[in-house]
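Each number in the UniProt record's numbering comes from the position in the sequence shown (counting from 1) with 11 added on. The beta-carbon is built from N, C-alpha and C at its ideal position, and this holds for glycine as well.
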Amino acid sequence: VVIKVAALCGSLRKASFNRGLIHSAIQILSEKSWMNRMEIEYIDISELPMLNTDLEVDGTFPPQVEEFRHKILEADSILFASPEYNYSITAPLKNAIDWASRPPNCWADKATAILSASGGSGGSRFHYHLRQIGVFLNLHFINKPEFFLNAFEPPFKFDSNGNLINEEVMEKLKGVPCSLA
Ligand code: FNR
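What follows is the structure, given as structure tokens:
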């Protein structure tokens, strides 16, 4: 049985550090032969319209939303990677979460892990706000290992394209996608 993981990034920046974390997670799993039974798919949320329930007609959603909801529904597990914006979850990620929460809720019962690269506290406040939202969605969060990364503290951990280039952080990151197995 292959465990399907849907990976969502809360930043839309081309050179997002958090998208870099997802790419590293994908790379980590591809290198672990015992992890062949896990597949991570990066799901782009940048084309989703802003949530407006007027866009729902007779229980159907705009095509990009239908496609997104389908990908969440068919995933077994979710990997979120995001900065915090103003001590909370980013607007693009909340928008995506809200779309897939419309009935029937696509998030229910999925194992969920969180990564974050942000400023000062490494995005911890995003983690805790996401966990609160997840109570209503019925997501099942993996509590440990926790992964918060201050992306601005030297030495720099990412290259100019947002790729993770620091071995120590890469080691620390490994436990998170693997915890979804
Ligand atoms: C931020 N940033 C930020 N960082 C933080 O640690 N705590 C915060 O509350 C905020 N607030 C915030 C608000 C807004 C609107 C922006 C645009 C940024 C900084 C943020 O962590 C930083 O830009 C990260 O690099 C973003 O991650 P990506 O885009 O590299 O994945």
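### Message
Any heavy atom of the ligand FNR closer than 8 Å to the beta-carbon of P94?
### Response
Taking the sequence shown and counting its residues from 1, the one referred to as residue 94 is at position 83. Yes, Cβ of P94 sits closer than 8 Å to a heavy atom of the ligand FNR.
Quiz prompt | DSSP three-state assignment for E50, whether helix, strand or coil | solution = Stepping through the sequence shown from its first residue, residue 50 is reached at position 39. Strand at E50.
Taking its Cβ as the centre, do 16 or more other Cβ atoms sit within 10 Å of E95, making it buried, or is it exposed?
Position 84 of the sequence shown, counted from the start, is the residue given in the question as residue 95. With 16 or more other Cβ atoms within 10 Å, it is buried.
Any heavy atom of the ligand FNR inside 8 Å of the beta-carbon of A106? Residue 106 sits at position 95 when you count from the first residue of the sequence shown. Reading off the sequence, residue 106 comes out as Asn, not Ala. Flag unset: Cβ of N106 not near the ligand FNR.
Practice task
Please state if the CB of L104 and the CB of G173 are separated by a distance shorter than 9 Å.
Solution key: Numbered from its first residue, the sequence shown carries residue 173 at position 162. Numbered from its first residue, the sequence shown carries residue 104 at position 93. The answer is no: Cβ separation not under 9 Å.
**Item:** For P188 and F72, the rounded distance between their alpha carbons
**Value:** For the purposes of this step, residue 72 is taken as the residue at position 61 of the sequence shown. For the purposes of this step, residue 188 is taken as the residue at position 177 of the sequence shown. About 31 Å.
Excluding five sequence neighbours on each side, which residues of the same chain lie with their C-beta closer than 6 Å to the C-beta of I144?
-> Working through the sequence shown from its first residue, we reach residue 144 at position 133. There are no such residues.
**Message:** Short of 7 Å in beta carbon distance, which residues of its chain neighbour A162, apart from the five on each side in sequence? Order them along the chain.
**Reply:** In the sequence shown, the residue the question calls residue 162 occupies position 151. Within the same chain, A162 has close Cβ partners F28, A128, S129, K168, F169.
For N116 and L148, I'd like the C-alpha separation in whole angstroms.
For the purposes of this step, residue 116 is taken as the residue at position 105 of the sequence shown. For the purposes of this step, residue 148 is taken as the residue at position 137 of the sequence shown. C-alpha separation (whole angstroms): 7 Å.
Q.
Quick check on N174: does DSSP put it in helix, strand or coil?
A. Position 163 of the sequence shown, counting from 1, holds the residue named residue 174. Three-state DSSP puts N174 in coil, outside helix and strand.
Have a look at A122 and A92 and give me their C-alpha separation to the nearest angstrom. What you label residue 122 is simply residue 111 of the sequence shown in a count that begins at 1. What you label residue 92 is simply residue 81 of the sequence shown in a count that begins at 1. A122 and A92: Cα-Cα distance of roughly 15 Å.
With the cut-off set at 9 Å, would you say V16 and L126 are in Cβ contact?
Mapped onto the sequence shown, residue 16 falls at position 5. Mapped onto the sequence shown, residue 126 falls at position 115. In this structure, L126 does not lie closer than 9 Å to V16 by Cβ.
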